[in-house]
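Here the structure comes first, spelled out in structure tokens, and everything after it is commentary.
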Amino acid sequence: MTTVQNKNLPSLLKKLVADKKLAQDVAEKAVADSTERGVSITTHLAQRKLVDENDLAVYNSKEFGLSLVDIDTIEIAMDVENLLPKEMMRKTQLYPLFRMGKAITIAVADPFFLSHLSDVRFATELMPEPVIVEYSKLQKLLNPDYSDSAVSSGMTISSDTAAQDLVIETNELESEEEEDDSGVDVTEFLNELLSHAIKKKVSDIHIEPYEKILRVRFRLDGMLQVVSMPPKALARKMTSRIKVMAQLNTSERRIPQDGRIHFRMGEDKYIDFRVNTLPTLYGEKIVMRILDSDTAALGIDVLGFDDKQKADLLEALGKPDGMILVTGPTGSGKTVTLYAGLNILNTSERNISTAEDPAEIQVPGINQVNVNNKVGLTFASALRAFLRQDPDIIMVGEIRDLETAEISVKAAQTGHLLLSTLHTNSAPETLTRLINMGVPAFNIASSVHLIVAQRLARRLCKECKVLVEDVPKQALIQLGFDEQEIESIEIYEPNGCGECANGYKGRVGIYQVMPISTKMETMIMDGANSLELAAQAKLEGINDLRQSALNKVKEGVTSLAELERVTKD
Numbered sequence: 012m013t014t015v016q017n018k019n020l021p022s023l024l025k026k027l028v029a030d031k032k033l034a035q036d037v038a039e040k041a042v043a044d045s046t047e048r049g050v051s052i053t054t055h056l057a058q059r060k061l062v063d064e065n066d067l068a069v070y071n072s073k074e075f076g077l078s079l080v081d082i083d084t085i086e087i088a089m090d091v092e093n094l095l096p097k098e099m100m101r102k103t104q105l106y107p108l109f110r111m112g113k114a115i116t117i118a119v120a121d122p123f124f125l126s127h128l129s130d131v132r133f134a135t136e137l138m139p140e141p142v143i144v145e146y147s148k149l150q151k152l153l154n155p156d157y158s159d160s161a162v163s164s165g166m167t168i169s170s171d172t173a174a175q176d177l178v179i180e181t182n183e184l185e186s187e188e189e190e191d192d193s194g195v196d197v198t199e200f201l202n203e204l205l206s207h208a209i210k211k212k213v214s215d216i217h218i219e220p221y222e223k224i225l226r227v228r229f230r231l232d233g234m235l236q237v238v239s240m241p242p243k244a245l246a247r248k249m250t251s252r253i254k255v256m257a258q259l260n261t262s263e264r265r266i267p268q269d270g271r272i273h274f275r276m277g278e279d280k281y282i283d284f285r286v287n288t289l290p291t292l293y294g295e296k297i298v299m300r301i302l303d304s305d306t307a308a309l310g311i312d313v314l315g316f317d318d319k320q321k322a323d324l325l326e327a328l329g330k331p332d333g334m335i336l337v338t339g340p341t342g343s344g345k346t347v348t349l350y351a352g353l354n355i356l357n358t359s360e361r362n363i364s365t366a367e368d369p370a371e372i373q374v375p376g377i378n379q380v381n382v383n384n385k386v387g388l389t390f391a392s393a394l395r396a397f398l399r400q401d402p403d404i405i406m407v408g409e410i411r412d413l414e415t416a417e418i419s420v421k422a423a424q425t426g427h428l429l430l431s432t433l434h435t436n437s438a439p440e441t442l443t444r445l446i447n448m449g450v451p452a453f454n455i456a457s458s459v460h461l462i463v464a465q466r467l468a469r470r471l472c473k474e475c476k477v478l479v480e481d482v483p484k485q486a487l488i489q490l491g492f493d494e495q496e497i498e499s500i501e502i503y504e505p506n507g508c509g510e511c512a513n514g515y516k517g518r519v520g521i522y523q524v525m526p527i528s529t530k531m532e533t534m535i536m537d538g539a540n541s542l543e544l545a546a547q548a549k550l551e552g553i554n555d556l557r558q559s560a561l562n563k564v565k566e567g568v569t570s571l572a573e574l575e576r577v578t579k580d
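Here the sequence shown stands for residues 12 to 580, where the numbers follow this note's numbering.
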């Protein structure tokens, strides 16, 4: 029998060997034996029980960037079981789980059979969305007579976390029934879910009830992905448990509610979850935003500013007064940028106050205020109070109206450094937005010192990114690359490995940092529009968001797909 050296092993086997899930000699023999049997590596490993089934599913999930689902936690929709002929399902090793709109979720245990998804699309006229499941559990669906005593039962979220390290600090009451009819312990499931989300650096958790299913999704690096589909009967129990943890009214299901859960991970790690409930047709949808205090410690150096952008921002932060505005859509990292600046300014010699809705990142040394419109504590009223508190630096979560804008300008003109955000697409548009609010042009020109527009792009995984060969020259020119530099550009694309699962790991900021020059001040007072201001910014060597994204592609930090996604407006 011919042996196979480690360097020639398939990627899946290399990772299993490296992580000591499979011995080197067993892996080498598996390659030869699977070839001799005429089956794929995954099928051979599963049928011969050479690797723990759950481990095999987890590694395939990471290898191919697919969600991992435990079939035992799903109520399979009866209306989809007949969408595919049984013989076709057995042949293609694919099984429909449920349908949502024009998409159909398909269970697959062996990625070798993903090539048959086109058959599913042709047969159903629906878009197949594959998820990885354990081999023997899929076989039981495909063949009810299938028997395997080694199949494990219970609920698994693919996780290397230790849920016992997680402590919920709240005045919670014990829920009357922790275990659902399905046999799933609600408390244990939620603790594992939240702990896993923290370890994966997820930003949001979505728990969504539909007519026949309950879906749990994580937002990781800005993109939502399915991680679990517990039994639909668990929905009410999960909602009640989360409400108790967040100190919400468990009997009120007709209106949205907001709460907070405080977690301790280990000895000295604290994390908060901001909880929002929303009544929907089939129950309350819950979204939990993870507020990690470590985010507050991020420095400007790690956010993605180039040298000139960083220098311009630091210069503005060093001034004793004026306004620094950060702009971009929701979820573009504006709060992190503001706090990176505040961290530089946060010394015992300065009085810093912030008004936020709500304060997502808690920072010692900064006086943070949550606005509460119901009791009259608005951004504007908080600002007025700050001005009577002997402030040095003020941060306002968002300038939403003329009153807040006018008080912000007044603060910036009377010896205070003020930081805030707006929702605009670019730095020049921020100036015209303030004018449209009703702020006099001369006040804007004299108070605004710097504007940062930003987006967040997914960062290519350093371990597996691959060089793109033969990208058409004309295509690169159309994207915005300089024709003179195209020959020397190296373009990378995502691949996917055990480190990242989908080719991306983390995010990087894409910035337009625009200091307000003397020429721009004159243009503002003369009534220049955003296009004219953008043209002037270009003359002054200021990169717009598109150019900054192009630079990140040239540096091998992100991909062409991300360039298009984050700068398409």
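Glycine included, every Cβ here is placed at the ideal spot set by N, Cα and C.
- Contact fails between the region 538 to 546 and the region 425 to 432, because fewer than three Cβ pairs, one in each stretch, are under 8 Å apart.
- Scanning its chain for C-beta atoms nearer than 6 Å, with the 5 sequence neighbours on each side dropped, one finds around Q320 the residues Y522, V524, in chain order.
- DSSP places S45 inside the alpha helix (DSSP H), whose first and last residues are 35 to 48.
- A check of alpha carbon separations from V477 across K151, R466, C508 identifies C508 as the nearest.
- Going by DSSP, Y522 is part of the beta strand (DSSP E) stretching over 515 to 526.
- With fewer than three CB-CB distances shorter than 8 Å, the region 118 to 131 does not count as touching the region 249 to 267.
- Under the Cβ criterion (8 Å, minimum of three pairs), the region 310 to 330 counts as touching the region 461 to 479.
- For N93, the secondary structure class from DSSP, reduced to helix, strand or coil, is coil.
- Excluding residues up to 5 positions away in sequence, A41, V62, L67 lie with their Cβ nearer than 7 Å to the Cβ of L56 in the same chain.
- Its Cα nearest to that of K549, the residue K530 stands out among V564, G538, K530, M536.
- The distance from the Cβ of K210 to that of K223 is about 31 Å, inconsistent with a contact at the 8 Å cut-off.
- If you draw a straight line from the Cα of L77 to the Cα of I282, it is about 28 Å long.
- Looking at the DSSP output, H55 sits in no beta bridge, so it has no partner there.
- Under DSSP, E263 takes part in no beta bridge, so it has no partner.
- Annotation: the continuous alpha helix (DSSP H) that includes H207 extends over 197 to 210.
- Beta-bridge pairing by DSSP links L467 to G520.
- DSSP places M240 in the coil class of the three-state scheme, outside both helix and strand.
- Under the DSSP assignment, A539 falls outside any alpha helix (DSSP H); it carries neither an H nor an E label.
- With contacts defined by Cβ atoms closer than 8 Å, I405 and S364 form a contacting pair.
- About 7 Å separates the beta carbons of T338 and H434, which is inside the 8 Å limit, making them a contact pair.
- At a Cβ-Cβ threshold of 8 Å, A366 and V386 do not count as neighbours.
- Straight-line spacing of the CA atoms in P220 and M240 works out to 10 Å.
- If you look at L433, you'll find it isn't in any alpha helix (DSSP H); it sits in the beta strand (DSSP E) that goes 428 to 433.
- A residue is called buried when at least 16 other Cβ atoms come within 10 angstroms of its Cβ; F133 does not meet this threshold and is exposed.
- Under the DSSP assignment, I355 falls in the alpha helix (DSSP H) whose first and last residues are 345 to 356.
- Under the criterion of beta carbons closer than 8 Å, V213 and I301 qualify as touching, at roughly 6 Å.
- Contact annotation: L125 and P141 have beta-carbon atoms nearer than 8 Å.
- In the three-state scheme derived from DSSP, where H, G and I count as helix and E and B as strand, P340 is classed as coil.
- CA-CA distance, N93 to V237, rounds to 24 Å.
- Taking 8 Å as the cut-off, the beta carbon of D403 is found no closer than this to the beta carbon of N454.
- Ranked by how close their Cα comes to the Cα of A539, the residues E494, E496, L445, I410 have L445 in first place.
- Shortest Cα-Cα distance from L309 to any of L353, A327, R275 involves L353.
- I115 is a Cβ neighbour of P139, given a cutoff of 8 Å.
- A Cβ-Cβ distance of about 14 Å is found for the pair V450 and V407, leaving them out of contact under the 8 Å criterion.
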